[in-house]
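Numbering (this note's numbering), first residue to last: 197 to 605.
Backbone N, C-alpha and C fix where the C-beta goes; we use that ideal spot for every residue, glycine too.
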Ligand SMILES: Cc1ncc(COP(=O)(O)O)c(C=O)c1O
Ligand SMILES: [Zn+2]
């Protein structure tokens, strides 16, 4: 029945290797190695998307569209057991508010619609990415395919770490969080409260170039830990649950009578824009937003524009940004790991990367806060992109941004 196979499997966007939907822990391309990590599995669509059921929990509402669900069904779990497992594991996930902001619309001179994700579990969209990984693991346990709990591992000291620690705690699953030495101690105490084991990562003399927290994370995964990551190349399933936000946004816009023309999404590692773009669909133009102090996706877009098959030339296209800096400190990833999916979503919808000035990043945060959103500078950066192109927008346009990342004082 197509309704149970909305996802048929996975295919690597770089080498075209395929992975069956019934595979246990299908996190990474089978051809990925430590020497060649430049592979990423993308979801292969199956049959039609099942109609959403009426439920405030997005993981119940859109559950049968998800890859973990197709895995569980392929392995023999019943529909009702999938629903019951979702209710237990994803308890607390919300349909977050969506509405037209009159303050922002007046300011920009166009209809600005806001999806406010700051009230989501752990204060951001990151939990949606991680939930589909956790549901796969919990389904595997229920099916007797996983008989012990290897630790979850993540390298982050921001919203992703907070979401990961929250979900691990709720499910009683051990977690190791690899963090930079400069992490704010107050944030470390929050992670401690969730029982996460935090590991400050100093650069070692014999380390290769790159972020030491990421190096330790990868070592842990090589040693058997589960990549509880919000980066597609580290764990493809993060690109699964993130789509719930796009589906939700599209359904809410339709219910509100808004015919969205454009959507502006802030980009760090790129999983957020990739998932939302896939969920919203090519009918809404997706413009990705980065800060002028860290815009590797925009640079890669220019390089890729001159190539026939950019996905097979990762190194030539996606090059680390030197010296990332911006007040939007949650999107300072020097590489956009999910650049292939981001570019695909932009090309399909007629969008492009927008690089906001630092003044626009700051202004967007002031406006968002004044309009009543308790959002971080990172979380309002999509609005900065909108401000950057406001000359292109007319009074009859309907444009959307996603405020995510609760401002923590
Ligand atoms: C609030 C917020 N918005 C957007 C992003 C960017 O998401 P991604 O890294 O998936 O591009 C992040 C995290 O990096 C974030 O915390
Ligand atoms: Zn591959």
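- In this structure, residue 477 places its C-beta atom within 8 Å of the C-beta atom of residue 446.
- By the C-beta density criterion, residue 492 is buried, having at least 16 other C-beta atoms within 10 angstroms.
- With fewer than 16 other Cβ atoms from the protein chains shown falling within 10 Å of its own Cβ, residue 345 counts as exposed.
- A distance criterion of 7 Å places the beta-carbon of residue 431 beyond contact range of ligand 2, judged by its closest non-hydrogen atom.
- A residue is listed when its beta-carbon falls short of 5 Å from at least one non-hydrogen atom of ligand 2; in chain order these are 208, 210, 211, 213, 225, 227, 235.
- Taking the Cβ of residue 536 as the reference point, every heavy atom of ligand 1 lies at 7 Å or farther away.
- Cβ atoms of residue 601 and residue 314 come within 8 Å of each other, at about 7 Å.
- Residue 295 and residue 458 have their alpha carbons spaced roughly 15 Å apart.
- Three or more pairs of CB atoms, one per stretch, sit closer than 8 Å, so the stretch 294-311 contacts the stretch 560-576.
- Residue 426 has its CB nearer than 7 Å to a heavy atom of ligand 1.
- In the DSSP assignment, the residues bridged to residue 395 are 374.
- Taking the Cα positions, residue 503 is about 33 Å away from residue 576.
- Of all C-beta pairs linking the stretch 460-480 to the stretch 427-442, three or more are shorter than 8 Å, placing the two stretches in contact.
- For residue 358, the enclosing alpha helix (DSSP H) begins and ends at 355-367.
- For residue 350, the enclosing beta strand (DSSP E) covers residues 348-351.
- Residue 375 counts as buried, since at least 16 other C-beta atoms from the protein chains shown sit within 10 angstroms of its C-beta.
- Short note on residue 467: C-beta closer than 7 Å to some heavy atom of ligand 1.
- In the structure shown, the three-state DSSP call for residue 215 is strand.
- Assignment of residue 458 by DSSP, reduced to helix, strand and coil, places it in the strand class.
- Note that the stretch 584-593 does not touch the stretch 329-339; fewer than 3 beta-carbon pairs, one per stretch, sit closer than 8 Å.
- Secondary structure of residue 294 (DSSP, three-state): strand.
- Considering only 537, 527, 538, 558, the residue with the shortest C-alpha distance to residue 353 is 527.
- At least one heavy atom of ligand 1 sits closer than 7 Å to the Cβ of residue 527.
- Inclusion of residue 279 and residue 259 in the CB contact set at 8 Å is warranted, their separation being smaller than that value.
- Per the coordinates, the alpha-carbon of residue 203 lies some 42 Å from the alpha-carbon of residue 402.
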